[in-house]
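Trainee:
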Amino acid sequence: SEIGRRDRALFTLLLRSGMRLTAALGLDVPDLDLAQGVARSRCGKNGQTQAVFLPSRVVRLLRGYLKREGIAAGPVLRSVRGRRLSSRQAQYRFRAMLDLAGIARPATVHSLRHTFATRLREKTGDLRVVQVALGHRQLGTTEVYATVASSDVRRAVAN
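For the numbering used here, count along the sequence shown from 1 and bump the result up by 12.
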């Protein structure tokens, strides 16, 4: 369905890029450079423009979504009435998806950003990479993702 494709595009974008919800919802078609795999976020928390790098999986998904929905200009993520999707609508759709999947634990759309950051830290081991990817000015803001998992310790000791 149109709504299902939009939701998949939105939540995959958030999970795989680490964008904030407001930044993703603020994207207009010209903000996407899918050939380069970059989105220009104009809605960063600090009010600055940020280049957000998009994995090839997200690029393919966005390309297909935009083509199928006939979106060539204006907001990337739209309500059924063609207006920019609101944060409230996105939160509602996320909760509905969790309910449908039988996931009862408390989670919010921001949990996707947290998951992205945690995975990136685990993959790179470099908190500065996570800081830049998330657009944090201060490393201290990013340190919440620096918790060491027992699996990390086990791997480090084994090597």
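Idealized CB from N, CA, C, for every residue including glycine.
Where does Gln150 sit, in a helix, a strand or coil, going by DSSP?
Mentor: coil
Trainee: Take Arg125 and list the residues in its own chain whose beta-carbon comes closer than 6 Å to its own, dropping the five residues that flank it on each side.
Mentor: Gly30
Trainee: Hey, is the segment 99-114 in contact with the segment 15-33, meaning 3+ C-beta pairs nearer than 8 Å?
Mentor: yes
Trainee: Looking at the secondary structure, which residues open and close the beta strand (DSSP E) in which Val64 lies?
Mentor: 62-65
Trainee: Start and end of the alpha helix (DSSP H) containing Ala51?
Mentor: Unbroken run through Ala51 is the beta strand (DSSP E), 50-53; no alpha helix (DSSP H).
Trainee: Under DSSP, the alpha helix (DSSP H) around Gly114 begins and ends at which residues?
Mentor: Here Gly114 belongs to no alpha helix (DSSP H), and DSSP marks it neither H nor E.
Trainee: According to DSSP, simplified to helix, strand and coil, what is Leu124?
Mentor: helix
Trainee: Less than 9 Å between the C-beta atoms of Val50 and Val64, yes or no?
Mentor: yes
Trainee: Tell me Pro87's beta-bridge partners as DSSP assigns them.
Mentor: Asp40
Trainee: Does Arg93 pass the burial test, meaning 16 or more other C-beta atoms within 10 Å, or should it be called exposed?
Mentor: exposed
Trainee: Let's see if you can read the secondary structure: which residues bound the alpha helix (DSSP H) around Glu81?
Mentor: 68-81
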